[in-house]
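Peer 1: With numbering that gives the first Met the number 0, the residue at position 165 of the sequence shown is 164, and numbering never jumps.
Cβ coordinates follow ideal geometry from the N, Cα and C atoms, glycine included.
Submitted below is the structure of interest, expressed as structure tokens.
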Amino acid sequence: MLLVSLFAAMLVANPPVPVDADLNDAKTYGAVISREALPRVSSTSSWDEPEHHLDLFAEGHAPYAFHTSDEERPWLQVDLGRAQPITGIAITNRTDGNGARTTALTISLSDDAIAWKEIATIDGPKERWNVSLLNGESPRIARYVRLTLPSKGFLHLSGVRVYGRGSKG
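Rendered as structure tokens:
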């Protein structure tokens, strides 16, 4: 009984997130707020082409816009420039056969890129994830979004778009 209560408390604290959200619903999710964002990656590999990193936030880049080294828990960090209300995130996996490497992604938010709050883990591999980051009906406020592969491996994605409503500051 105690185990059931603990599990229920975990779900309330960190409820599952919808991974097939209709991010085109502007009334609910707003608009893309990551067009001017800056990417940062945990490492770069010999396959990485930094000139494509900013393509990640535009139309994406095939087969990938960045490529980390083979490492423990590689990550991509999105700097939105200032704290903003975040409602969702669209993630496009690598578009060739190596997209199967992305078996899951952990989504974390931060105001300062030092203290991170893990808000969701999404399963993969998939071609695309459309993830609602709403907390009930309220957006989450953060400047930084981090996507982390929760295991050892390479991380390489084709596109990332962060959605938000309104503005803070």
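Confirm, please, whether the CB-CB distance from THR43 to HIS66 is below 9 Å.
Peer 2: For HIS66 and THR43, yes; Cβs fall inside 9 Å.
Peer 1: Could you compute how far the alpha carbon of ALA61 sits from the alpha carbon of TRP46?
Peer 2: ALA61 and TRP46: Cα-Cα distance of roughly 13 Å.
Peer 1: What residue from ASP21, LEU133, THR101, PHE153 has the CA that sits closest to ILE85's CA?
Peer 2: It is LEU133 whose Cα lies nearest to the Cα of ILE85.
Peer 1: By a C-beta neighbour count over all protein chains shown, 10 Å radius and 16 as the cutoff for buried, is ASN23 buried or exposed?
Peer 2: When all chains shown are included, ASN23 counts as exposed.
Peer 1: Pull up the distance between the alpha-carbon of LEU104 and that of TRP74, whole angstroms please.
Peer 2: Each residue's alpha carbon lies about 9 Å from the other.
Peer 1: The alpha helix (DSSP H) with THR27 in it runs from where to where?
Peer 2: From DSSP, the alpha helix (DSSP H) with THR27 extends over 25-28.
Peer 1: Look at the alpha carbon of ARG81 and the alpha carbon of ASP110, and state the distance between them as a whole number of angstroms.
Peer 2: The alpha-carbon atoms of ARG81 and ASP110 are separated by roughly 8 Å.
Peer 1: Please state whether DSSP places ARG100 in a helix, a strand or coil.
Peer 2: Looking at ARG100 - three-state DSSP - the assignment turns out to be helix.
Peer 1: Could you please give the first and the last residue of the uninterrupted beta strand (DSSP E) stretch that includes THR91?
Peer 2: Element bounds for THR91: 87-92.
Peer 1: Roughly how many whole angstroms lie between the Cα atoms of ILE118 and LEU79?
Peer 2: So the two alpha carbons sit approximately 17 Å from each other.
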